[in-house]
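Visitor:
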Amino acid sequence: MLKKLDYLNQYIGTTPCVKLDVNPINLFAKLEFYNLMGSVKMRPAYYVIKEAIKNGNINENTTVIESSSGNFAIALATICKFLKIKFVPIIDMNISQTYEKLLRTISHDVIKVTERDETGGYLLTRINEIKRFQTNNDNVFWTNQYGNIDCLRAHYYGLGSEISEYFDKLDYAFIGVSSCGTIAGVSRKLKEKFPAIKIIAVDTEGSVIFGKPPGKRFIPGIGSSMTPDILKEALIDEVIYVPEAEAVKGCYELFEKFVIFAGGSSGASYYAICEYFKGKKLNQVPNVVFLCPDGGSPYVDTVYNNEWVKWIDNQKDTVMNL
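Numbered according to the working numbering, the sequence shown spans residues 573 to 894.
#1: What separation, rounded to the nearest whole angstrom, lies between the Cα atoms of Leu748 and Leu603?
#2: Between Leu574 and the rest of its own chain, which residues show a CB-CB distance below 6 angstroms, the 5 nearest in sequence each way excluded?
#3: Run through DSSP, which three-state label would Ile772 get?
#4: At what residues does the alpha helix (DSSP H) containing Phe782 begin and finish?
#5: Expressed to the nearest angstrom, what Euclidean distance is found between the alpha-carbon atoms of Lys537 and Pro800?
#6: Excluding five sequence neighbours on each side, which residues of the same chain lie with their C-beta closer than 6 angstroms to the C-beta of Lys763?
#7: Can you tell me where the beta strand (DSSP E) holding Thr635 begins and where it ends?
#8: Which word fits Thr686, buried or exposed, when buried means at least 16 other C-beta atoms lie within 10 angstroms of its C-beta?
#9: Between Phe644, Asn666, Val861, which lies nearest to Ser751 when the distance is taken from Cα to Cα?
#10: Can you tell me the Cα-Cα spacing of Ile662 and Ala617, whole angstroms?
#11: For Lys761, I'd like the list of residues in its chain whose CB is within less than 7 angstroms of its CB, leaving aside the five on either flank, ordered along the chain.
#12: Identify which residue in Asn666, Asp664, Leu648 has its Cα closest to the Cα of Ser679.
#13: Within the same chain, show all residues whose beta-carbon is closer than 7 angstroms to that of Leu655, passing over the 5 residues directly before and after it, in chain order.
#14: Measuring alpha carbon to alpha carbon, tell me which of Gly836, Ala817, Arg704, Pro858 ends up nearest Lys770.
#15: Under 8 angstroms, with one C-beta from each stretch per pair, do the region 708-726 and the region 818-831 reach the 3-pair mark?
#16: What's the C-alpha gap between Leu695 and Ile812?
#17: Leaving out five residues before and five after Val774 in sequence, what residues of the same chain have Cβ atoms less than 7 angstroms from its Cβ?
#18: Which residue wins for smallest C-alpha separation from Val881, given the options Lys852, Tyr824, Cys846?
#19: Counting Cβ pairs closer than 8 angstroms, one from the region 667-674 and one from the region 859-876, do we hit at least three?
#20: Report buried or exposed for Leu894, applying the criterion of at least 16 other Cβ atoms within 10 angstroms of its Cβ.
#21: Contact defined as beta carbons within less than 8 angstroms: I believe Gly550 pairs with Ile781. What is the distance between those atoms, to the nearest angstrom?
#22: My understanding is that Gly778 touches Gly692, with C-beta atoms under 8 angstroms, so please give their C-beta distance in whole angstroms.
#23: Take the Cβ of Val590 as the centre, count every other Cβ of all protein chains shown within 10 Å, and call the residue buried at 16 or more, exposed below.
#24: Quick one: grab the DSSP three-state call for Ser611.
#25: Beta-carbon separation of Ser639 and Ile702 under 8 angstroms?
#26: Classify Lys852 as buried or exposed, calling it buried when 16 or more other Cβ atoms lie within 10 Å of its own Cβ.
#27: Look up Cys723 in the DSSP assignment and say whether it is helix, strand or coil.
#28: Tell me the residue span of the alpha helix (DSSP H) that contains Glu734.
#29: Taking only the alpha-carbon atoms, compute the straight-line gap between Ile646 and Asn855 and give it to the nearest angstrom.
#30: Applying the criterion that 16 or more other CB atoms from any shown protein chain within 10 Å of the CB defines a buried residue, is Tyr738 buried or exposed?
#31: On the three-state DSSP scale, how would you describe Phe827?
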């Protein structure tokens, strides 16, 4: 299995880092949708599966299970399909139609929860479903993107290393947060090379990651209904909250100005950067990097759908105001 898995490594990492013309900063976007299956989540999916096979936690008869709003599930499903082992994602109502159709095609089975948890989201409901599945089935491996230290290691040795090697000087990194493995691994690697760098976590309104009150959220891939265990490993200097409507505007601006067709968390990070540096007095022009974790195709029914955007605007009474 490990020999077969090594074949996939050539499709993961070494993603482009492009400079965007944004005053008054030197802004760079790390385009993670160039990874296999179009997202940054292929990095931890590959690393976690490989380590689990090496440690004997996954064999040919194992069922791999995970709670995912889309990208991590797609990555795991692809790897497990290639290795001919079973994968069962736990999804919810916020998943894109495109991703749900794909998961139902390439996964062994799909479990979809429809009941919101006490925070107004679905994550805690999905976690409870995983625990029920583990109780009722044998030889189950939960990849646990919210607490598995291998998710941190994947980004520390992979994405974090690529960014640190690209720059001689780096002043800011804006990173969207959800399961928090990315910001944990990348922040640790960047702080090693650039001790003075500011790591800015970009979260969405309604997320409880940093202790804010919960609220309904509609854009997958950013925010969370709980504080992931792995967050304690992250080295974060500031947190910025972005309303979902502004994340959508950020997506449109990225596409219209720079032809970057990206997902909701990319738009949130771009918007956060523009707001952060607006009117800011700078002694020198800083180098700033942000991640584009996935592409826009899974969001054509949501972020890039005018009717859905209008619907989100009508939900303002159910979404917290900044």
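All residues carry an ideal CB built from backbone N, CA and C; glycine is no exception. Since the model is a prediction, treat every value here as computed from it, not as a measurement.
Guide: In brief:
#1: Residue identity differs from the one stated: residue 748 is Gly in this sequence, not Leu. Each residue's Cα considered, the two are about 14 angstroms apart.
#2: Ile625.
#3: In the structure shown, Ile772 falls within a strand segment according to DSSP collapsed to helix, strand and coil.
#4: Following the DSSP letters along the chain, one finds Phe782 in no alpha helix (DSSP H), marked with neither H nor E.
#5: Given that the chain is displayed from residue 573 to residue 894, the structure contains no residue 537 and the question cannot be resolved.
#6: Excluding positions up to five away in sequence, the list reads Leu807.
#7: Taken as a continuous stretch (DSSP letters only), the beta strand (DSSP E) holding Thr635 covers 635-639.
#8: Note on Thr686: under 16 other CB atoms within 10 angstroms of its CB, so exposed under the neighbour-count rule.
#9: The option with the nearest alpha carbon to Ser751 is Phe644.
#10: About 15 angstroms.
#11: Taking C-beta separations shorter than 7 angstroms and ignoring five residues to either side along the sequence, the partners of Lys761 in its chain run Tyr728, Gly732, Ser733, Ser736, following chain order.
#12: Considering only alpha carbons, the answer is Leu648.
#13: Answer for Leu655: Met573, Lys576, Leu577, listed in chain order.
#14: Closest option to Lys770, judged by alpha-carbon separation, among Gly836, Ala817, Arg704, Pro858: Pro858.
#15: Because the criterion of three Cβ pairs below 8 angstroms is not met, the region 708-726 and the region 818-831 do not touch.
#16: So the alpha carbons of these two residues sit roughly 22 angstroms apart.
#17: If we look at Val774 and ignore the five residues flanking it on each side, its Cβ neighbours are Phe746, Ile747, Gly748, Val749, Ile812, Val814, Ala840, Ser841, Ala844.
#18: Comparing alpha carbon positions, the residue from Lys852, Tyr824, Cys846 closest to Val881 is Tyr824.
#19: Between the region 667-674 and the region 859-876, the count of Cβ pairs shorter than 8 angstroms is three or higher; the stretches touch.
#20: For Leu894, the predicted structure reports a pLDDT of 28, less than 50, and the residue's modelled location is therefore unreliable. The matter cannot be settled from this model.
#21: Residue 550 falls outside the range modelled here, since the chain spans only 573 to 894, and no answer is possible.
#22: Taking the Cβ atoms as the reference, Gly778 lies roughly 7 angstroms from Gly692, within the contact range of under 8 angstroms.
#23: That one is exposed.
#24: Ser611: strand per DSSP, three-state reduction.
#25: With respect to Ile702, Ser639 sits close: the two C-beta atoms are nearer than 8 angstroms.
#26: Using a 10 angstroms sphere on the CB of Lys852, the tally of other CB atoms stays under 16, which defines it as exposed.
#27: Residue state, collapsed to three classes: helix.
#28: Looking at the DSSP string, the run of the alpha helix (DSSP H) that includes Glu734 is 731-738.
#29: Straight-line Cα distance between these residues: approximately 44 angstroms.
#30: Around the beta carbon of Tyr738, fewer than 16 other beta carbons lie within 10 angstroms, which makes this residue exposed.
#31: Of the three classes helix, strand and coil, the one that applies to Phe827 here is helix, per DSSP.
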